[in-house]
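For the sequence shown, the numbering used here assigns the number 13 to the initial residue and increments by one for each residue that follows. Glycine included, C-beta positions come from ideal geometry on N, C-alpha and C. Report on the following structure.
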Amino acid sequence: MHKQIRGKRPSKAWMAAGSLVLGCLMMALNSTSAIAQDASGPTKIRFVVSHRSALLSTLPTYIAEDNGLFKKHGVSVDYISGSGGGSTLRLLSTGDVDMAEGGTPAAILAAHTDPNIELVEGWARSASVMVWIAKKASGITSPDGLAGKKLGYSKAGSASQWLAEESTHRAGVKNVSFVSVGGMGDNWTAVKGGVITAGWAMEPFLSEKIHDDNAVVVLDPSRYIKHYYLEGIAVNKKFAQKHTAAVKGLFEALDEAVQFIKANPEKAAEIGTHHYKSSKAVLLSGIQAYLKNDVWNMKVDTAAFNTVMKGMVDSGLIDKELDMSKLVKQTYLPERLRTPF
């Protein structure tokens, strides 16, 4: 009959040593996991932006890119320049892109009608980003001088059409007629040719014409329309639900870029010269105007969304106003950028 051999109970010292070894093993495993996670790299986001290289409103995207802010927040952004409107937003539905920035009405309609698209945020939140310019020789110095004159806009149902009609109405200007002309360059050509009195313009095109071509601003819609979003940012629903942290990271990076512009406008203008076909002086002029009007403020402006909604009803894009509190999905935004409706 064999005797059962009983071992001695381990001492406290041995138990402590075992705990230390176990702890080191766990740290090593966690480090290995972290290294593997880092090796996978940042989350790639394909982001289509309307007229990115032509509009100063997109400057924060370049600042975030050049200053490494996207990488800091764990994302890699592949930017695609879109043509604007519904064509930009349609790329979301098909999954060709993960995020899109386009005209706010188009973004609202896409989110309302397409289950694959969700509206997250507005962009360029001031009606001041689009103004009407005339020749200095016209002698017009205020909207009153536009009575009986022709104003140009891009195309039917566009932001330029609604802003021109609504702001002149609120300003009490009588007998204004509105003409579909096309882009900013086409509008300015029509102004110089006497086809229209004033045409729409945005930065940096606006500052270029003021600096180099004797243009003057004769209508600034922000004097009459206090809350407005020129653009809306939407996401592909499947992508955003799977990569919510990455979407939030992108907005964190853009907000940091805005803070950089506020603190360093001249340096931001210098960075801008590498991306826009404009001088530093022209870009700085536009940047200062945008900062004055808080154009890049990324905290959700609920009144701005509702103003766009009113414009959509007025122009016949929709029959009745939609409930924006249900349409705007702020859960994809950092907490500090959200605003309850």
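Got a sec? Which residues, its chain only, sit under 8 Å from residue i by beta carbon, not counting five neighbours each side?
{"i": "LEU296", "result": "PRO277, GLU278, ALA281"}
{"i": "GLY195", "result": "SER166"}
Grab me the residues of residue i's own chain with a C-beta within less than 7 Å of its C-beta, minus the 5 sequence neighbours each way, in chain order.
{"i": "GLU130", "result": "ALA123, ALA246, VAL247, LYS249, ALA252, LYS341"}
{"i": "THR116", "result": "GLY134, TYR241, LEU242, GLU243, GLY244, VAL320"}
{"i": "ALA168", "result": "SER192"}
{"i": "ASP126", "result": "SER105"}
Can you tell me whether residue i is buried or exposed? The criterion is at least 16 other CB atoms within 10 Å of its CB, across all chains shown.
{"i": "ASN413", "result": "No statement about residue 413 is possible, as the shown extent of the chain runs from 13 to 353 and does not include it."}
{"i": "VAL143", "result": "buried"}
{"i": "GLN49", "result": "Caution is warranted here: a pLDDT of 36 is assigned to GLN49, below 50, making its placement in the model unreliable, and the coordinate value is therefore given only provisionally. Label assigned to GLN49: exposed."}
{"i": "GLY53", "result": "exposed"}
{"i": "ALA159", "result": "exposed"}
{"i": "HIS63", "result": "buried"}
{"i": "ALA119", "result": "buried"}
{"i": "ARG348", "result": "exposed"}
{"i": "PRO441", "result": "The requested residue 441 does not occur in the structure, where the chain is confined to residues 13 to 353."}
{"i": "LYS186", "result": "exposed"}
{"i": "GLY86", "result": "buried"}
{"i": "ALA149", "result": "exposed"}
Using only the alpha-carbon positions, how far apart do residue i and residue j sit?
{"i": "GLU268", "j": "TRP308", "result": "11 Å"}
{"i": "ASP326", "j": "MET214", "result": "23 Å"}
{"i": "VAL228", "j": "LEU329", "result": "32 Å"}
{"i": "TRP145", "j": "ASN318", "result": "It should be noted that the sequence gives Ile, not Trp, for residue 145. If you take the alpha carbons of ILE145 and ASN318, they lie about 27 Å apart."}
{"i": "THR153", "j": "LYS147", "result": "10 Å"}
{"i": "THR256", "j": "HIS223", "result": "44 Å"}
{"i": "ALA210", "j": "LEU71", "result": "26 Å"}
{"i": "TYR240", "j": "LEU104", "result": "24 Å"}
{"i": "GLU77", "j": "SER172", "result": "29 Å"}
{"i": "LYS289", "j": "PRO216", "result": "9 Å"}
{"i": "LYS56", "j": "VAL132", "result": "18 Å"}
{"i": "LYS11", "j": "ARG350", "result": "Outside the shown range of the chain (13 to 353) lies residue 11, about which nothing can therefore be said."}
{"i": "LYS204", "j": "VAL259", "result": "44 Å"}
{"i": "GLU178", "j": "GLY157", "result": "17 Å"}
{"i": "ILE75", "j": "GLN271", "result": "10 Å"}
{"i": "LYS238", "j": "ASP90", "result": "33 Å"}
{"i": "ASN226", "j": "ALA202", "result": "15 Å"}
{"i": "ASP354", "j": "THR180", "result": "This structure does not reach residue 354, given that the chain is present from 13 up to 353, and the question cannot be answered."}
Residue i and residue j: beta carbons closer than 8 Å?
{"i": "LEU81", "j": "ALA265", "result": "yes"}
{"i": "ARG137", "j": "ASP335", "result": "no"}
{"i": "PRO233", "j": "LEU175", "result": "yes"}
{"i": "ILE299", "j": "ILE273", "result": "yes"}
{"i": "VAL294", "j": "SER219", "result": "yes"}
Using a threshold of 7 Å, is the CB atom of residue i nearer than that to any non-hydrogen atom of the ligand GDP?
{"i": "LEU262", "result": "With respect to small molecules bound, the structure shown includes none, and the ligand GDP cannot be examined in it."}
Excluding the 5 residues flanking residue i on each side, which residues of the same chain have their C-beta closer than 6 Å to its C-beta?
{"i": "THR100", "result": "VAL60, SER62, GLY94, ALA112, GLY114"}
{"i": "ALA364", "result": "Lying before the first or after the last residue shown, residue 364 is absent from the chain, which here runs from 13 to 353."}
{"i": "LYS322", "result": "none"}
{"i": "ARG58", "result": "ASP90, VAL109, ASP110"}
*Counting pairs of beta carbons, one from the segment 153–169 and one from the segment 182–201, are three or more of them closer than 8 Å?*
In the pairwise beta carbon analysis, the segment 153–169 is classified as touching the segment 182–201: at least three pairs are separated by under 8 Å.
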